[in-house]
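Protein chains in written order, with my numbering: chain A, 616 to 959; chain B, 616 to 959.
Structure first, then comments.
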């Protein structure tokens, strides 16, 4: 059954799909300007002339070519009770549609829930994207770090991802060395990597629109005791989290399993983010592995498992794998070693 | 007067700034998760622990550290009549705030209008970003095109932008060769450039967060008559559009001046987009040069002037400069030649 048909089967009213990623997922059309109305017995795709030719070829979807400002013309084209995506539609667009007499019903995360469970083709695409990232980490590990700027190492990683066949990076490569690693989301800067510190490298690429995501923490010689211990704790937490991943597992419990290791080591306060997130057409998507997201993992979910410890003034350690959730546990797509790799 | 103070001077009620770009413009904080409430006599910045340390250092702004989901806690922290950004705030966030008893007033484009007029520091930053792009075009013009794939040429351009000091590309580099150039927004693919066609290259980079944007159409040997003529028409239209740019000019009239040249040549239908757009912290921002946007250009606006002609089955031609609007006309930031450059 096609994605569209599966969506139609669960709709109570027509759904106006505003998320461009959701439009792509349902129709295959990658576009910067499109809206899809999924109705019980069909679908209408609204887009402008730039995408009209490609849109015309989509099976089971009727093209409605509009001017650039699609939402300005939608009130004339739609009527009745229509569901919409409340986390995507802006207030302005919502009020335009509402003023046009459409009865709007918020329906949250419908397509996102479908996207969270990947089909065989999507899994193969993500396997390829992850294999490229994994190989890029292996190659980067052979190269010199000390004396190089974070931003140059980030560019080198980006170049490796490109050379190995990635379409583009799935997010800006993170290289956080020494004390800059105390923040989980630092931007690679002019700092030069020095001996005796950790270097967090977080990177991934896209293949066919699908993302990969991997983090390793490299070591430039003998570490201060605090970071050495942090590395051991994070590695153990990561392996514990991985071991808890399987179809049927509670996502909060998976987060909790890894977090308990960090907390027992007295470092709970230094692990200030969730354990992981889903990965697909977006680098962050459902399901989420954290203390708040209530869900049960399903075979076909693709998630990261990435505990981290960030020590003020000292640096950080994060280890992240990308895995497919199966009935038997995780299929790890990023097998590059998690032992501390000393780089030059 | 600081940006915050200028904004405060024009507010009727506190403004909740949800656009992360607007937050960056007003506070200097580049973040993936922040909300700024600008009040008559102060400002409160809501963000999570990842950005708290940097946020604490911002002058005239009080930090309120929250958990990740800022909008979930805002109803407890805000009250009374508050303006918001209706083109940015999602329906879900709007309804969360509204349910919390806040009286919400849509105020559209307030900060965007400030951002449209750049100050001296911003102009210098954009000049640097444009100089890098300009030099990258000059270098790319020396390299072989024929026999190379679009995607490899795009990567080469991206690498040049990086080597020359760009922080990152300001959008995915466009390389559209031969018939793929019939669409103004094609994605570089596996097609190999052949002799006797046009190759549209559209690229820019960021410096200090600010974008540059430039397009040139290269030629790989003798063109079919239709494309040759299209090149001449686009070049003339581009120069006519440029000549109309000055402080006080009506943005529709600038678009109209260039468009008239294309229309008089009988190619009006082949020029299906606006003449240009503002450029700054975003690659597309106010003001817009098209037939619909009603505005008068102001000294300090930074806009593109980029007519194009797209011929089905044959290819496309687009020429784009980035310019600063001054009282005396345009300051062109991308002086690389607009004559047809034949590449190997």
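For each residue, glycine too, the CB sits at the ideal point set by N, CA and C.
For clarity, every value in this text was computed on a predicted model and none was experimentally measured.
Would you mind stating whether residue i and residue j have Cβ atoms separated by less than 8 angstroms?
i: residue 836 (chain A); j: residue 811 (chain A); result: yes
i: residue 747 (chain B); j: residue 716 (chain B); result: no
i: residue 962 (chain B); j: residue 659 (chain B); result: No information on residue 962 (chain B) is available, as it lies outside the stretch 616 to 959 that chain B covers here.
i: residue 889 (chain B); j: residue 870 (chain B); result: yes
i: residue 833 (chain A); j: residue 735 (chain A); result: no
i: residue 707 (chain B); j: residue 702 (chain A); result: yes
i: residue 886 (chain B); j: residue 945 (chain B); result: no
i: residue 800 (chain B); j: residue 821 (chain A); result: no
i: residue 941 (chain B); j: residue 872 (chain B); result: no
i: residue 912 (chain A); j: residue 864 (chain A); result: yes
i: residue 712 (chain B); j: residue 650 (chain B); result: no
i: residue 675 (chain B); j: residue 738 (chain B); result: no
i: residue 681 (chain A); j: residue 663 (chain A); result: yes
i: residue 731 (chain B); j: residue 907 (chain B); result: no
i: residue 673 (chain A); j: residue 644 (chain A); result: yes
i: residue 720 (chain B); j: residue 753 (chain B); result: no
i: residue 705 (chain A); j: residue 705 (chain B); result: yes
i: residue 797 (chain A); j: residue 881 (chain A); result: no
i: residue 831 (chain A); j: residue 848 (chain A); result: no
Can you tell me whether residue i is helix, strand or coil according to DSSP?
i: residue 954 (chain B); result: coil
i: residue 886 (chain A); result: coil
i: residue 936 (chain A); result: strand
i: residue 810 (chain B); result: coil
i: residue 792 (chain B); result: strand
i: residue 782 (chain A); result: coil
i: residue 770 (chain A); result: helix
i: residue 721 (chain B); result: strand
i: residue 915 (chain A); result: coil
i: residue 709 (chain A); result: helix
i: residue 902 (chain B); result: strand
i: residue 752 (chain A); result: helix
i: residue 819 (chain A); result: coil
i: residue 688 (chain B); result: helix
i: residue 930 (chain A); result: strand
i: residue 877 (chain A); result: helix
i: residue 726 (chain B); result: helix
i: residue 698 (chain A); result: strand
i: residue 800 (chain B); result: coil
Here's a check: name, in chain order, each residue in its chain whose Cβ is nearer than 8 angstroms to the Cβ of residue i, leaving out the five neighbours to either side.
i: residue 733 (chain A); result: 741, 895, 915, 916, 917 and 939
i: residue 622 (chain A); result: 630, 641, 653, 725, 726 and 729
i: residue 903 (chain A); result: 866, 889, 891, 892, 893 and 910
i: residue 723 (chain A); result: 700, 701 and 702
i: residue 632 (chain A); result: 638, 641, 650, 651, 652, 653, 700 and 726
i: residue 667 (chain B); result: 678 and 680
In chain order, what residues of the same chain have a beta carbon less than 7 angstroms from the beta carbon of residue i, not counting five sequence neighbours either side?
i: residue 792 (chain A); result: 765, 806, 808, 812 and 814
i: residue 851 (chain A); result: 876
i: residue 750 (chain B); result: 779
i: residue 924 (chain B); result: 845, 848, 849, 877, 882, 885, 886, 931 and 932
i: residue 671 (chain A); result: 678
i: residue 859 (chain B); result: 868, 869 and 872
i: residue 669 (chain A); result: 644
Since residue i contacts residue j with CB under 8 angstroms, what's their CB separation in whole angstroms?
i: residue 826 (chain B); j: residue 744 (chain B); result: 6 angstroms
i: residue 794 (chain A); j: residue 929 (chain A); result: 7 angstroms
i: residue 786 (chain B); j: residue 934 (chain B); result: Incorrect: roughly 17 angstroms between the Cβ atoms, too far for contact.
i: residue 770 (chain A); j: residue 777 (chain B); result: 6 angstroms
i: residue 920 (chain A); j: residue 936 (chain A); result: 5 angstroms
i: residue 959 (chain B); j: residue 788 (chain B); result: About 20 angstroms separates the two Cβ atoms, so there is no contact after all.
i: residue 784 (chain B); j: residue 773 (chain B); result: 5 angstroms
Taking 6 angstroms as the limit between beta carbons, can you name the residues of its chain near residue i, skipping five residues before and five after?
i: residue 714 (chain A); result: none
i: residue 696 (chain B); result: 628 and 718
i: residue 767 (chain A); result: none
i: residue 855 (chain B); result: 872, 873 and 876
i: residue 953 (chain A); result: 850 and 934
Kindly provide the ranges of any alpha helix (DSSP H) runs that are 4 or more residues long and lie completely inside the stretch 831-868 of chain A, ordered along the chain.
You should have 840-859.
Residue ranges of each alpha helix (DSSP H) within the stretch 622-677 of chain B, 4 or longer:
Runs found: 635-642 and 664-671.
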